[in-house]
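Here is the structure we will look at, set down as structure tokens.
There are 2 protein chains.
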Amino acid sequence: SVMGFKAYKTISDVPETPDLVIVILPPKIVPQIFQECGEKGVKRIVLISGGFRELTGDRKNTLREEIQKIAEKFGIRFIGPNCLGIYNSWIYPEDETSALNTAIWEKQQRGYFSIASQSGTLASHIFFDPDNLDLGISRSLSLGNEADIDIVDCLEYYKEDDKTKVIGLYIEELKRAKDFLRLAKEITPRKPIIAIYVGGSQAAQRAVKSHTGSLAGNAKIYDAAFKEAGVIKTELVLEFLDLARVLTTEIYPKGNRLGIITNSGGPGVMIANHAEKQGLVVPKLSEELQNQLKEYVIPTASLKNPIDTTFDMNFQNYYINIPKTLMQSGEIDAIMMYGVFGFQDVLKNLLKHERVAKYENFPDQVKKDLPLEKMLVSPLLKLSKKYSIPVFLINPQNYNSPWSKKIRSTGAILFQYWDRPVRCMAKLCDYSQYKKKLSEKIK
Amino acid sequence: SVMGFKAYKTISDVPETPDLVIVILPPKIVPQIFQECGEKGVKRIVLISGGFRELTGDRKNTLREEIQKIAEKFGIRFIGPNCLGIYNSWIYPEDETSALNTAIWEKQQRGYFSIASQSGTLASHIFFDPDNLDLGISRSLSLGNEADIDIVDCLEYYKEDDKTKVIGLYIEELKRAKDFLRLAKEITPRKPIIAIYVGGSQAAQRAVKSHTGSLAGNAKIYDAAFKEAGVIKTELVLEFLDLARVLTTEIYPKGNRLGIITNSGGPGVMIANHAEKQGLVVPKLSEELQNQLKEYVIPTASLKNPIDTTFDMNFQNYYINIPKTLMQSGEIDAIMMYGVFGFQDVLKNLLKHERVAKYENFPDQVKKDLPLEKMLVSPLLKLSKKYSIPVFLINPQNYNSPWSKKIRSTGAILFQYWDRPVRCMAKLCDYSQYKKKLSEKIK
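Which chain is which? The protein sequence lines are A and B, in order.
Sequence positions in the first sequence follow the working numbering and run 1 to 443.
Sequence positions in the second sequence follow the working numbering and run 1 to 443.
Shown next, in the form of structure tokens:
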């Protein structure tokens, strides 16, 4: 008995044949364990131990070749070595609390984003902060050195997996590059693939070599191949996560014309400037549309795009009427909204101060029976789906502030600052264009 | 009496001459208020009201010219119109709780970062989340339309201000570009200037026009001029804040050679790859240095740079011995450390589980009388200052998690992911090189 759990000295002592064996033992013993597993009839192994191909010089060994031979002989498929294991949110779909987890520290929200990664960190540690990420995880596979199961095998699995809607990859080396690209081309018209590829720089080459024992390829060749296969490439881990979050909503813009709604000039200018640099178009709205919008703003507002409502406190207009008018116009394909969301809550706090409260004269725009987020943000989300126009909300308050949490609870996509969402929107539009072109070809 | 405070009908009714008048009234009345202020002897006005130069077409007016004339006649200097006001952390330096604040929602930590901004948001709203920013604020000036006091006046003030160590600017237009550049050149050898300049794109032009009524200039010309004057340019608001935080520590690297310490391969690879793309050098460490480092790592570690300690739990080595050896070597100028900081705390939680705890066999590396962060992070900070080698720490846990807060409490620079710190480090090294070159010229 180990740590209170029943234990056996060897695999052969176990009365049943295990469905899955997880190996965390010194590398020297691993071939023997594989042999015993094979003889027992085990077909699946997760090999977490390190100390195989990544060792060089006088520490170099042939253990990898040994276990590969044994696995082949017995028909064993295995992940690793030098990996962090696997995570599966859907082991029993009917039981929401179930998960098969040898990899991620904290239990994750169940969802449709699946990962295959040559870095254990990308497969697990980035989820140390689940509160900060409205991202449901489906599967996560840490591949380590890929002595057997590689990233192409994972793609093949995710391709047909109905619990995978978006695929995230971390790649240091592609051993079967042609197979990878063929598969990626088949997948990306239906399911987006987001990839972090590291290579190209000298330091990265050296780091990759000591990490997975691979030789990273030429970054430019990878870039071109990924582009052709419709793979969304990023170098930033937060963008990787942002894109996963955004793509699982499956709301695809029809073009790249961005409408910007703010209650504040500076952020509008910054969003517009950055958006054009990232390849989005921020079109000037037609006179006709501007006239329609006039109804919903105060005279100091600017309507050309960015729309600057200049701190008007009419939330009904801000959250619903203005975006709805934009969506119906056909003049824009995506919307970003910067504003001091939840200002009303802030006011409520202010009103607690006696000196202010006794002079209260704020119009009560809120019906008493429905929370503000259900009244304002939920209808906005419905419009977003109906018109297939993604909407990103930006709230300068902390992502975990009470009002931010309320917005997030509706399923809306929320950011705290405006740099990340602009870049994320640009990549979403790019991918959407790729999908559209392909489907037009097929017609 | 208004809201419980004593009030007067006009400025002339006030018994004393006010040091400062803050005007939040409809634009039409503003000239009259200025006249009254002038007659009363008021010399300083903050004009928050909008509705001046930013209005166009049939709403265009000459109010701006009217108030300028009155101000000139009476020798009044004023900020605005269409601004959010001012913030001053140091109104009574001896009283830590004091601040003059017409601009920022929540009270800020006192510090040495001063802002002058043509966007009220950049001067105030970005501080809605003070818990998430270890950045002390000195002054913040929201300039609005700059009818009188402009960004050059602010630079002149900050140049000699002993409470300003780092200057942050948000610029849509420079009315006195030559004066600005001359002043910037004088300031940047002593105090860094970080600037967000928005312009160049069509949408930005339009947005700027309706925001401050300015015509944004050619972005390329600005880029070149800023570079010559040593101004650190960024387009990202988080980078603006990161740089402010990092520069106020006044630890300047002597070159751009980055040492990377991790306990995990993937992040090391990603940091190295991104760092080289951002212009940093990630040098392979000498054999001699690698031999010195061997003492502090386990055999599976990689020592070439990135240094990957592969989840060794010896915190004394990770936080102190390895960085110290790097610093003393003269082979690197800056350090980034990615690791699961506070893992020991995590273990403590684990040990609370009875089933695990009774098999406890973790070596206790912690003296009982000193908190871990004082034992580990504080000495690291001292080394960083001594060798003038900046150290950025990266903890994948939430920025406000208990261990992150402990690290931050020591004054260390902490990030959650590795994209932002790499870019920030690259700009810090650039600025440091600029400073160094200038001081070599003078010699």
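Glycine included, each C-beta is placed from N, C-alpha and C at the ideal position.
Check: Taking Cβ to Cβ, would you say V23/B is nearer than 8 Å to V46/B?; Outcome: yes
Check: For P283/A and A272/A, what's the separation of their Cα atoms in angstroms?; Outcome: 10 Å
Check: Mind listing which residues of the segment 279 to 290 of chain A have their C-beta closer than 7 Å to chain B's C-betas, in chain order?; Outcome: V282, K284
Check: Can you give me the start and stop residues for the alpha helix (DSSP H) that G268/B sits inside?; Outcome: 265 to 277
Check: Please identify the residue among K436/A, L380/A, L84/A whose C-alpha is closest to the C-alpha of A116/A.; Outcome: L84/A
Check: What does a CB cutoff of less than 6 Å around K109/A pick up in its chain, not counting 5 residues either side in sequence?; Outcome: Sequence check: residue 109/A is Gln here, not Lys. Contacts found: G136.
Check: If you draw a straight line from the alpha carbon of N82/B to that of K209/B, how long is it in whole angstroms?; Outcome: 13 Å
Check: Measuring only the C-alpha atoms, how far is F127/A from D419/B?; Outcome: 16 Å
Check: Can you confirm whether the segment 157 to 164 of chain A touches the segment 184 to 196 of chain A when touching is taken to mean that 3 or more C-beta pairs between the two stretches lie within less than 8 Å?; Outcome: yes
Check: Starting from S404/A, trace the alpha helix (DSSP H) in both directions and tell me its first and last residue.; Outcome: 402 to 409
Check: Report the neighbours of I151/B on chain A: residues whose CB is nearer than 8 Å to its CB, in chain order.; Outcome: The premise fails here: I151/B is roughly 14 Å from chain A at the closest Cβ pair, so nothing lies under 8 Å.
Check: Tell me which residue opens and which closes the alpha helix (DSSP H) that I86/A is part of.; Outcome: Run containing I86/A: none in the alpha helix (DSSP H); it sits in the beta strand (DSSP E), 85 to 88.
Check: Can we say the segment 86 to 97 of chain B touches the segment 58 to 67 of chain B, given the rule of at least three CB pairs closer than 8 Å?; Outcome: no
Check: Any beta carbon from chain A within less than 8 Å of A99/B's own beta carbon?; Outcome: no
Check: Please give the ranges of any beta strand (DSSP E) in the segment 108 to 154 of chain A, keeping only runs that are unbroken, at least 3 residues long and fully inside the region.; Outcome: 110 to 117, 137 to 142
Check: Of all the residues that make up the segment 48 to 78 of chain A, which are near chain B by a beta-carbon distance shorter than 9 Å?; Outcome: G50, G51, E54, L55, R59
Check: Give a yes or no on whether 8 Å exceeds the smallest Cβ distance from T300/A to chain B.; Outcome: yes
Check: Decide if the segment 254 to 268 of chain B is in contact with the segment 326 to 341 of chain B; the criterion is three or more beta carbon pairs, one per stretch, under 8 Å apart.; Outcome: yes
Check: Quick one: using the 10 Å Cβ neighbour count with 16 as the cut-off for buried, is K6/B buried or exposed?; Outcome: exposed
Check: Using the C-alpha atoms, what's the distance from V42/A back to P18/A?; Outcome: 6 Å
Check: Counting contacts by CB-CB distance shorter than 8 Å, is M270/A in contact with chain B?; Outcome: yes
Check: Are the beta-carbon atoms of P253/A and P390/A separated by less than 8 Å?; Outcome: yes
Check: Within the 8 Å Cβ cut-off, does A207/B reach chain A?; Outcome: yes
Check: Identify the residues that DSSP records as bridge partners of I22/A: which are they?; Outcome: V46/A
Check: Counting only runs of 3+ residues fully inside the segment 203 to 241 of chain A, write out the beta strand (DSSP E) ranges in chain order.; Outcome: none
Check: Going by DSSP in three states, V2/A sits in which element: helix, strand or coil?; Outcome: strand
Check: For chain B, is any of its Cβ atoms less than 8 Å away from the one on E250/A?; Outcome: no
Check: Counting only the same chain and skipping the five closest in sequence on each side, list residues whose C-beta sits under 6 Å from that of K367/B.; Outcome: Because the pLDDT at K367/B is just 47, under 50, the model does not fix this residue reliably, and the point stays unresolved.
Check: Checking contacts by CB at 8 Å: is P306/A closer than that to chain B?; Outcome: yes
Check: Relative to the alpha-carbon of S302/A, which residue among K374/B, G57/B, N263/B has its alpha-carbon at the smallest distance?; Outcome: G57/B
Check: Kindly indicate which residue of R176/A, R139/A, G38/A, F240/A has the alpha-carbon position closest to the one of L133/A.; Outcome: F240/A
Check: Just to confirm, are I251/A and K435/A a CB contact at a threshold of 8 Å?; Outcome: no
Check: So which residues of chain B does Y170/A contact, with C-beta pairs closer than 7 Å?; Outcome: G266
Check: Judging by CA-CA distance, which residue of V297/B, L243/B, K441/B is the nearest neighbour of Y453/B?; Outcome: In this structure chain B extends from 1 to 443, so residue 453/B is not present and cannot be described.
Check: If you count every other CB in all the chains shown that lies within 10 Å of the CB of N317/B, and 16 or more means buried, which is it?; Outcome: buried
Check: Going by the DSSP bridge assignment, what does M336/B pair with across the sheet?; Outcome: I260/B, F392/B
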